[in-house]
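Structure record follows, encoded as structure tokens.
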Amino acid sequence: MTAGANRETVTPSSLRLVLTLAIAGLISGIAIIGIYESTLPTITANKARELREAVFKVLPGVSQMQALVYRDGELVVVEEAKKDEPVVYGGYDDSREFVGYAVPAAGPGFQDTIAILYGYQPAQKLVVGMEVLESRETPGLGDKIYKDAEFVGGFSALSIDPEIVAVKKGTSSNANEIDAITGATISSKAIVRIINETHTAWSGKLPAPGSEPSIKASEPTSAEGGQ
Amino acid sequence: MKNNQSYEEFIKGVWRDNPVFAQVLGMCPMLAVTNSAVNAVAMGMATFFVLVGSSFLVSSFRNWIPKQVRISCFIIIIATFVTIADYTLLALVPKVHKELGAFIPLIVANCLILGRQEAFASRYPTRLAVMDAVGMATGFLLALFSLGAVREILGDGALFGVKLFGANFEPWVIMILPPGGFLTLGVILLFFNWFKFKKDEFLEDVAEAERSGH
Amino acid sequence: MDNLPWIFISALLVNNFVLTYFLGLCPFLGVSNSLETSARLGLATTFVMLVTAVCAWVLNTYVLIHAPYLRLICFIVVIASTVQFIEMLIKKLSPALFRAMGIFLPLITTNCAILGLAIFATNRGYGFWEGIVYALGAGIGFTLALVLLAGLREEAELSSIPKLIQGTAMNLIIAGILSMAFMGFAGLFSST
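Protein chains in written order, with the numbering used here: chain A, 22 to 248; chain B, 139 to 352; chain C, 1279 to 1470.
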């Protein structure tokens, strides 16, 4: 075939080499920025919807939410948390009354880091819901931490004072005990440990029950539109 | 004649020179995401898009790109297509994107794609280059799909999430774990080896028969 | 800082790059036919991974905050050129070291394990020291997997094996068994 025949045989000037690369880079840059700009609204909306759904799931009865961070000794409302800044989401019901916090937490599991979101009601010191956001636990065993409805349901009214304890299946008797999953004890205990550790880290920072930041006057249409 | 040649280029990628089963190329991203048929097909489609798009561009501009900087140009073109695929998947199917995760950017490092640019697209006219890319990418997609399907059926008792067996089926969990990826590909390659052996034997027999016949 | 040991062990054993993420398979299957070559390749890879971790951290902290969409292109271009520069530097400064791992350096730059390291470290939001420890664990883990497979292959070459199974098919099945063995490391840190 014509392989290589129609390519230049003389060495092209270095200016031409640099120019070719620069043009290639420029065109690729434009293409990438174009696709980034055009997909950004959808991606942001998807992420916000996912977070909203997760928060509403772990805090039953909640219909509005806002992000809260701990700055200068108090919990303040922010539009968006800075990178690497711990954040909790305050959940509020239809009459704008505070219901509880949805707290993102992460820690080592059996295989890799597990990321979860749990709902916390400070008035009664109760964990009211738990959702696994990210995990690579063993399929069929460790993944029961989010597939086993009984285990997930166990977090719907769990006392966290004193700290949660995972016990052998069928032996939970106290308000702060949860049945571990048979065959996935390590993953179950990992979830419990992640919640306990995150709870300890936040306990000094959350305001006394009753004095939580009230919800900012947000556009109620978007709150309902998300559902 | 010309149509014949395009067809040749296409079919060679799908079967005879199948990038995965015959050349064992481009396996890095593939084994990790073949734990279910859906993931495998999504990864295959993304690779299809990147390979065909890059081949088209590289072949169109093959007389403009100086030889000395060709690899850099190829990589820029491929990386651009991968970034486009990445953002498109993230916007359209966030669930699948979450499963594939970090492995979409890794399409860049797939030796199959750069290999096709260097060996084929930068030397041949656009039409042939695109046919070659379509063939190779289809072959790759089929290979990914067969691996993903085997692993999902055995490891989860399902295909595309639809349960195939009754409740009595005990899934071979190991198949959707990393070792299952190695074992499945190993066994499929074994099958291809066996097939080639049989074919060689058959050809030898034919040759023998012809020699004794004349 | 207390999660550094977990990051190291996780990258080294539990989530070994080759045996659980399937990264760097090409050299894993291609080069691993002699113990010595494997060890050298592993050493060179660990080195490039450390350089990559530093590059990725610098890019993420100073450049990509402003333009996250250029991540992939930046990683490839910057890592490749940095490694090339270091290669020239080693050649000048220490010919012995260059002989030990020099020829592998350009090959490794295009290895998916390198790009994978940069992307995983970014996705997990690792800082500087976390990135370094992660790279060290991943590099040593890569070397470990490579050396193990090379040892097994050297043994296999001395035994009589049916022609049908020889080659890549056998290597993949060996790798599968190795991968199963490495699964035993899961839960090292959470079982306490």
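Glycine included, every Cβ here is placed at the ideal spot set by N, Cα and C.
For GLU152/A, the enclosing beta strand (DSSP E) has its first and last residue at 147-155. Take ALA178/B, set aside five residues on each side of it, and the residues of its chain with a beta-carbon closer than 7 Å to its own are VAL171, THR172, LEU282, PHE283, LEU285 and GLY286, in chain order.
Straight through space, the alpha carbons of PRO309/B and ASP294/B are spaced by roughly 5 Å.
Scanning ILE1443/C, GLY1320/C and ALA1447/C for the CA closest to the CA of LEU1290/C turns up GLY1320/C.
The Cβ atoms of PRO317/B and GLY1405/C do not sit closer than 8 Å to each other. Counting of Cβ neighbours within 10 angstroms places ARG154/B among the exposed residues, the total staying below 16. Residues of chain B whose Cβ lies closer than 8 Å to the Cβ of ILE1351/C are, in chain order, ILE214, ALA217, THR218 and THR221. DSSP places GLU233/A outside any beta strand (DSSP E), giving it a letter other than H or E. From the beta-carbon of ASN1311/C, no residue of chain B is found nearer than 7 Å; the closest lies around 15 Å away. Beta-bridge pairing by DSSP links THR1446/C to no other residue. Chain order gives no chain B residues near ASN197/A, where near means a beta carbon separation below 8 Å; the closest approach is about 32 Å. No Cβ of chain B is located within less than 8 Å of the beta carbon of ASN1281/C.
Residue environment analysis places ALA267/B among the buried positions, since at least 16 neighbouring C-beta atoms fall within 10 angstroms of its C-beta. Identification of residues in the region 187-199 of chain B having a C-beta nearer than 7 Å to some C-beta of chain A yields an empty set. Within chain A, the residues placing a beta-carbon under 7 Å from that of ALA1464/C are PHE131 and GLN132, ordered along the chain. By the neighbour-count definition (other C-beta atoms within 10 Å, threshold 16), LYS165/A is a buried residue.
With a beta-carbon spacing of about 6 Å, ALA1334/C and ALA1399/C fall inside the 8 Å limit used to define contacts.
Under the DSSP assignment, TYR113/A falls in the beta strand (DSSP E) whose first and last residues are 108-113.
As DSSP reads the structure, GLU95/A sits in a beta bridge with ARG92/A. In the DSSP assignment, GLN1362/C falls within the alpha helix (DSSP H) that extends over 1349-1371. Taking a contact to require three or more Cβ pairs closer than 8 Å, the region 139-157 of chain A and the region 174-181 of chain A qualify as touching. For MET165/B, a Cβ of chain C is located within less than 8 Å of the residue's own Cβ. Only TYR1347, LEU1350, ILE1351 and ILE1354 from the region 1331-1358 of chain C bring a Cβ to less than 7 Å from some Cβ of chain B. The CB of ILE203/B comes closer than 7 Å to the CB of THR41 in chain A, given here in chain order. Per DSSP, reduced to three states, the secondary structure at SER180/A is strand. The C-beta of SER49/A comes closer than 8 Å to at least one C-beta of chain C. Beyond the five residues adjoining it in sequence on each side, THR203/A comes within less than 7 Å, by CB distance, of LYS190 in the same chain, given in chain order. By the 16-neighbour rule on beta-carbons within 10 angstroms, MET1448/C is buried.
If you draw a 10 Å sphere on the C-beta of PHE1353/C, you find 16 or more other C-beta atoms in it, and that means buried.
LEU42/A: member of the alpha helix (DSSP H) spanning 35-79, first to last residue. For GLY277/B, no Cβ of chain C is located within less than 8 Å of the residue's own Cβ. In the DSSP assignment, no residue is bridged to MET181/B. For ILE216/A, the nearest beta carbon of chain C is not closer than 8 Å to its own beta carbon. For MET86/A, the secondary structure class from DSSP, reduced to helix, strand or coil, is strand. In the three-state DSSP reduction, THR203/A falls in the coil class, being neither helix nor strand. With at least 16 other beta carbons inside 10 angstroms of its own, ALA1331/C counts as buried.
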